[in-house]
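The C-terminal residue of the sequence shown carries number 280 in the numbering used here, and the numbering is unbroken. Comments concern the structure below.
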Amino acid sequence: MLTAHTADNGVVFYRSALLSAAGAAHGFSTRIGGVSHPPFDSLNLGNPNGCATQDPGDHIQENYARFAAAIGIGSRPILRVHQMHGPAVARVVSGSEFDFAQKADAIVTTDPSRAVSVRIADCVPILISTPGASAVAVVHAGWRGIIRNVLAAAVAALVEIDPNRSRAESLIAAIGPCIGPARFEVGPEVLDEFAAAFGPDAPFVRRDDGKGMVDLPASARLRLLACGLPPGNIDGTDCCTYSDREHFFSHRRDHGITGRMAAIIAPATI
């Protein structure tokens, strides 16, 4: 299981012992330890789309600096993409500029001088590393990303760029805090997509009215297992972003007027 840590600067975050043992600097943020004011209190790492209420950019920048210090990535630039709920994977080329505007939901890198990140507020954040953290990936997976199998795309890209030629069976992954199965209600059309994607193993419960509850973290785990990762190489947590207002932002709970958490990872330094 992921474990919670409180840094000297007051930032509370979650870390995976498996990823730490591999040598990857990483963390899943909470909402605790930043400078933002309500409704973005306090470690807000992004603004909601299409919402008139916004957090000042200097607050977000300071929060990123605090989170980076807490998880030990120092002053390394943090790379992000324009998340689209799809299967596209962005690749970081060492020594080249990175296009922050590119549309993707996963980033892979072997560049130890930079870190990669996704933002979340109910969707599933996943961090993946090779055994020695020579290559790492960060993935944003909402239900659409799960259905479109962004995790398989990320795993394939990670294996492809790894200079040590790791196999999928040796990768390590951590599934971070997201909306839990007791809170993620969806309509019958979404349940049908999960049934088509996962068959009899589809992780949902359908009610008599046709709606039902989907287990997003279990779905992510099933996708990783299908890629070849052993069960013992997948870390996780039972934290629910919707239920735990004290520690997490939640787009669904707060009707869109809320902040963002982030998941960040960087390759091991040489």
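Idealized CB from N, CA, C, for every residue including glycine.
Three-state class that DSSP yields for residue i in the structure shown
i, result
"D245", "strand"
"E72", "helix"
"V165", "helix"
"V21", "coil"
"V160", "helix"
"V200", "helix"
"C313", "Absent from the structure is residue 313, since the part of the chain shown begins at 11 and ends at 280."
"S85", "coil"
"F214", "strand"
"F258", "coil"
"F38", "strand"
"S180", "helix"
"A116", "strand"
"G105", "coil"
"S229", "helix"
Whether residue i touches residue j by CB criterion (7 Å)
i, j, result
"R230", "A151", "Before going further, note that residue 230 is Ala rather than Arg in the sequence given. Yes, Cβ-Cβ distance for A230 and A151 is below 7 Å."
"L239", "A183", "yes"
"S127", "I274", "yes"
"Q112", "V91", "yes"
"I130", "M271", "yes"
"G60", "D115", "no"
"A125", "I88", "yes"
"R76", "A276", "no"
"P198", "C249", "no"
"T279", "P122", "yes"
"D65", "N54", "yes"
Whole-angstrom distance between residue j and residue i, CA atom to CA atom
i, j, result
"D218", "A163", "35 Å"
"S52", "G209", "41 Å"
"G222", "G190", "13 Å"
"P49", "D264", "9 Å"
"I117", "I171", "11 Å"
"L235", "T120", "23 Å"
"F38", "G220", "34 Å"
"A100", "V134", "18 Å"
"F194", "N19", "33 Å"
"V102", "V196", "35 Å"
"Y74", "A192", "30 Å"
"A78", "H15", "14 Å"
Beta-ladder partner(s) of residue i, from DSSP
i, result
"A14", "Y24"
"G56", "G56 pairs with nothing; no bridge assigned."
Task: Three or more C-beta pairs below 8 Å linking the segment 251-266 and the segment 38-45 - done: In the pairwise beta carbon analysis, the segment 251-266 is classified as touching the segment 38-45: at least three pairs are separated by under 8 Å.
Open item on the list: For the segment 138-146 against the segment 75-85, do three or more pairs of beta-carbon atoms, one drawn from each stretch, fall closer than 8 Å, so that the two count as touching?
Closed with: The segment 138-146 is not in contact with the segment 75-85.
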